[in-house]
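Enquirer: Okay, here's the structure, questions in a sec.
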Amino acid sequence: MLNLLRRDKSPIELLSSKLFNEETFYPVLTKDLNKCSHEVIIESPFVTNRRLSQLLPILQKLKDRKVRVIINTRDPIEHDDEYHRGDAHRAIAALQRIGVQVLYTAGHHRKLVILDRQILYEGSLNVLSQNDSCEVMRRVESSQLAWQMARFVGIDKFLG
């Protein structure tokens, strides 16, 4: 990535971004997750066992490498029916068993991934529950935007 300098010599980060759909997103995310060295933040309003079964082995490897993994989601009691509440409870319990920090935000509907505060994914795809809908996610390599998003959503106030 090329950086330019402002008059005051501070860098201007030139961005490149890539767009992904529900079919192309997960292979790229998997590659990025495998390269993570210290922190993964995923904001996904819903969590299902079906989707988590594909991601849990990767998250387990991250935890084995002492990478901090934070999931921000809705409390399962906010789900519409008993089946989805039960499924979400079981999925969240699986995350917690491997040491993932799970946060609940009421009315949550954001879809974000922040990796090592260097890579930001944002869009419409529920990372931990996507099934058969048409979605979009934008990937940007930018420490400035990743940090800006982390501050904007206030995730740091929950991290000790």
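Letter by letter, the sequence shown follows residues 0 to 159 in numbering that gives the first Met the number 0. From the three backbone atoms N, C-alpha and C, an ideal C-beta is built for every residue, glycine too.
#1: For the alpha helix (DSSP H) holding S142, just list the boundary residues, first then last.
#2: Would you mind reading off the limits of the beta strand (DSSP E) that contains R67?
#3: Provide the residue(s) that pair with R137 in DSSP beta bridges, ordered along the chain.
#4: Express the C-alpha separation of P75 and H88 in angstroms, rounding to a whole number.
#5: With DSSP run on the structure shown, which of helix, strand or coil describes I97?
#6: Report the residue ranges of all beta strand (DSSP E) runs contained in full by the region 25 to 71; include only those spanning at least 3 residues, in chain order.
#7: What does the alpha-carbon distance come out to for the pair L158 and I40?
#8: With a threshold of 6 Å on Cβ separation, who are the neighbours of R84 within its own chain once the five nearest residues in sequence on each side are excluded?
#9: Label A92 either buried or exposed according to how many other C-beta atoms from any shown protein chain fall within 10 Å of its C-beta, with 16 as the threshold for buried.
#10: State the Cα-Cα distance for the pair V126 and L14, rounded to the nearest angstrom.
#11: Using 7 Å as the threshold, is the C-beta distance between R160 and S128 below it?
Expert: The relevant details are as follows:
#1: From DSSP, the alpha helix (DSSP H) with S142 extends over S142 to V152.
#2: R67 to T72
#3: Beta-bridge pairing links R137 to L18 and E121.
#4: 6 Å
#5: coil
#6: 38 to 42
#7: 11 Å
#8: P75 and H78
#9: exposed
#10: 23 Å
#11: Residue 160 lies beyond the stretch modelled for the chain, which goes from 0 to 159, so this question has no answer here.
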